[in-house]
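Asker: I'd like to ask you about the structure that follows.
2 protein chains.
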Amino acid sequence: MEGSQLHSQGKLYIVGIGPGGAGHMTGRAVAAISESEYVLGNSTYMQQVKHLLGGKKAMPSGMGDEVERAKRAVGLASSHIVSLVSGGDANVYGMAGIVFEVAAGIDVDIEVVPGVTALSAASALLGAPLVTDFAVISLSDLLTPWEKIVKRLECAASSDFVIAIYNPKSRGRSTHFAGAVEIIRKYRAGTVPVGIVKNATRDGETAIVTTLDRVLEHSDVVDMSTTIIIGNSESMMHGSRIVTPRGYRNKYEY
Amino acid sequence: MEGSQLHSQGKLYIVGIGPGGAGHMTGRAVAAISESEYVLGNSTYMQQVKHLLGGKKAMPSGMGDEVERAKRAVGLASSHIVSLVSGGDANVYGMAGIVFEVAAGIDVDIEVVPGVTALSAASALLGAPLVTDFAVISLSDLLTPWEKIVKRLECAASSDFVIAIYNPKSRGRSTHFAGAVEIIRKYRAGTVPVGIVKNATRDGETAIVTTLDRVLEHSDVVDMSTTIIIGNSESMMHGSRIVTPRGYRNKYEY
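First to last, the sequence lines map onto chains A and B. Residues 1 to 254 (the working numbering) are what the first sequence spells out, left to right. Residues 255 to 508 (the working numbering) are what the second sequence spells out, left to right.
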């Protein structure tokens, strides 16, 4: 009886905490963490919500421990209110997938709390690079074969999607970003604007507006905390900003 | 002198207010609107922030008035604090683009406040459909030629992107959604899971999990307030949810 009561009180929130700046979390994300007895996440994200952790059992872990972290969260959530924090949005290269995978067949109440993903935070700093169709591609080949990534880059470039690149470079993958730029350059003019945003909304925030031809000059800024937005054939620079027209000029005078 | 002082006090926030539920706005979005003297937006979005409008000059407008609304916001912002509210994220088919277009050459201080876009809100309700590379495509041909939309659908489907569809159907465009499904069906099995989410986080919230073969049976639910998520070749149904594995199974035992 008691076990069953405890069970029915458990809940797992998979919380998208947004790009990092405290102001960019949603009210629902703050409420979920505040309501939780346990909070799990990798050390970087735990640091970003530390103002909410008073009196809670905080369980930070390292990068790469996603499977273990998901299992631990699912286990605790059978009888406790638990938040598993995920950077940005929990669906966009976040923790939602692995949690549902390890929770398959286990009776646990799961709610995903959506968040502001890095491409929105990066685009906000760049102006309006993204206001038409876009493709989102991670250059990490840890979980996706590089050949598949190449095919997606080719397709996205050839059909004029704005392209948002996540995880452009890590210590173990220094050449993929240059490779991606080379692929896109086959289909798109070298003058196409490119935005490089690092640490959006966080300490050390950097936004650089450059072009496809010159983007590799900024390789030192590019790492796992960087998001790259590559304009489409219509994207333009407006001063220090990138604007992709959405076709209003074809319909309206202004 | 006075003119210049007034000028320097003006500011325009382009505010992504999220999917609609009050809890899914960010703190920064709430603060920007609260700080503003004028708040502009289409009637639907103004309704979603009405709890913040006390004592403000609220200027709602109709759908389709984007250019006029952007011009009015830019004009007011030379000497006032102004928020222009945009559903979801201001960059994802939002108001950021047209504002920067009409503001070109005008000296006005603009800040884009990012928000939770519809695909994150929809994915949260569906589980984890999206945790790998994805393409985002609007089926509205009001501002993008249909031939370009078709090419993007072909490309996204053939290179196994998860596909998020915005604006799947309006009163004037009843056939595009069926056309898009037919294109994707050429490249992807009929058993691939599809999520249909209407009014995410708002009154009348509906989430349907179905397959590519059966999605058109739900056409009555599909309209401009609906987001569709089409899984890739690896997406699976877990009970009432869609989960796209991210390749952890290739690397870890669990």
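Think of the CB as a built atom: it goes at the ideal place given N, C-alpha and C, for glycine as much as any other residue.
(1) Since valine 321/B and valine 356/B should fall inside the 8 Å C-beta cutoff, what is the C-beta to C-beta distance between them, to a whole number of angstroms?
(2) Any idea which residues DSSP pairs asparagine 42/A with across the strands?
(3) For histidine 492/B, which residues does DSSP report across the bridge?
(4) Flag this pair as yes or no: are the beta carbons of glycine 272/B and glycine 369/B separated by less than 7 Å?
(5) If distances are taken between C-alpha atoms only, which option among Val469/B, Thr280/B, Ser479/B comes closest to glycine 485/B?
(6) How would you write the range of the alpha helix (DSSP H) that glycine 75/A sits in, first residue to last?
(7) Determine the extent of the alpha helix (DSSP H) in which leucine 380/B is found, giving its start and end residues.
(8) Who are the Cβ neighbours of serine 494/B in its own chain at under 7 Å, not counting the five residues just before and after it?
(9) Near alanine 207/A, which residues of its chain fall below 7 Å by C-beta distance, leaving aside the five closest residues on each side in sequence?
(10) Would valine 49/A and alanine 32/A be called neighbours here (beta carbons separated by less than 7 Å)?
(11) Look up leucine 266/B in the DSSP assignment and give the residues it is bridged to.
(12) Of the residues Ala324/B, Val404/B, Tyr441/B, Phe431/B, which one's Cα is nearest the Cα of glutamate 471/B?
(13) At a Cβ threshold of 7 Å, is lysine 151/A touching chain B?
(14) For a contact meaning CB atoms closer than 7 Å, what does tyrosine 347/B contact in chain A?
(15) Which of the three DSSP states, helix, strand or coil, is assigned to phenylalanine 415/B?
(16) Going by other Cβ atoms of all chains shown within 10 Å of its Cβ, with 16 needed for buried, is histidine 305/B buried or exposed?
(17) For aspartate 343/B, which residues in chain A fall below 9 Å Cβ to Cβ?
(18) Do you know how far the Cα of alanine 180/A is from the Cα of proline 314/B?
(19) Does the structure place the stretch 383-398 of chain B close enough to the stretch 334-345 of chain B that three or more beta carbon pairs sit under 8 Å?
(20) Tell me, to the nearest whole angstrom, how far the beta carbon of glycine 281/B is from that of glycine 23/A; I am working on the premise that it is less than 8 Å.
(21) Around the C-beta of leucine 6/A, are 16 or more other C-beta atoms found within 10 angstroms, so that it is buried, or is it exposed?
(22) Helix, strand or coil: how does DSSP classify leucine 260/B here?
(23) Since isoleucine 81/A meets chain B, which of its residues come closer than 9 Å, beta carbon to beta carbon?
(24) Is DSSP giving valine 435/B helix, strand or coil here?
(25) Locate the alpha helix (DSSP H) running through isoleucine 33/A, then write down its first and last residues.
Answerer: Reading off the structure:
(1) 7 Å between Cβ atoms; contact.
(2) For asparagine 42/A, DSSP records a beta bridge to Ser61/A.
(3) Answer is Arg495/B, bridged to histidine 492/B.
(4) Contact: yes.
(5) Checking every option, the nearest Cα to that of glycine 485/B belongs to Val469/B.
(6) Segment 66-76, the alpha helix (DSSP H) holding glycine 75/A.
(7) Looking at the DSSP string, the run of the alpha helix (DSSP H) that includes leucine 380/B is 372-380.
(8) Around serine 494/B: Val463.
(9) Cβ within range, chain order: Leu125, Leu126, Gly195, Val197.
(10) It is not a contact, given that the beta carbons lie outside the stated cut-off.
(11) Note: leucine 266/B sits in a beta bridge opposite Val336/B, Ile364/B.
(12) Comparing Cα-Cα distances from glutamate 471/B to each of Ala324/B, Val404/B, Tyr441/B, Phe431/B, the minimum goes to Phe431/B.
(13) With respect to chain B, the C-beta atom of lysine 151/A has a partner C-beta closer than 7 Å.
(14) Under the 7 Å cutoff, chain A gives Val131.
(15) Coil at phenylalanine 415/B, not helix or strand.
(16) With fewer than 16 Cβ atoms within 10 Å of its Cβ, histidine 305/B is classed as exposed.
(17) Correct list: Val116, Thr117, Leu119, Ser120, Ser123, Ala124, Leu130.
(18) Whole-angstrom Cα-Cα distance: 44 Å.
(19) In short, these stretches do not touch, since the Cβ pair count stays below three.
(20) Rounded, the Cβ-Cβ distance is 5 Å, consistent with contact.
(21) Low confidence applies here, because leucine 6/A scores a pLDDT of 45, under 50, leaving its location unreliable and the question unanswered by this model.
(22) Summary for leucine 260/B: the model assigns pLDDT 45, below 50, so the residue's position carries little reliability; its value from the coordinates is reported in the next sentence. Reduced to three states, the DSSP call for leucine 260/B is helix.
(23) Correct list: empty, because the minimum Cβ distance to chain B is about 17 Å.
(24) In the structure shown, valine 435/B sits in a helix (DSSP, three-state: H, G or I).
(25) Run containing isoleucine 33/A: 27-35, per the alpha helix (DSSP H) assignment.
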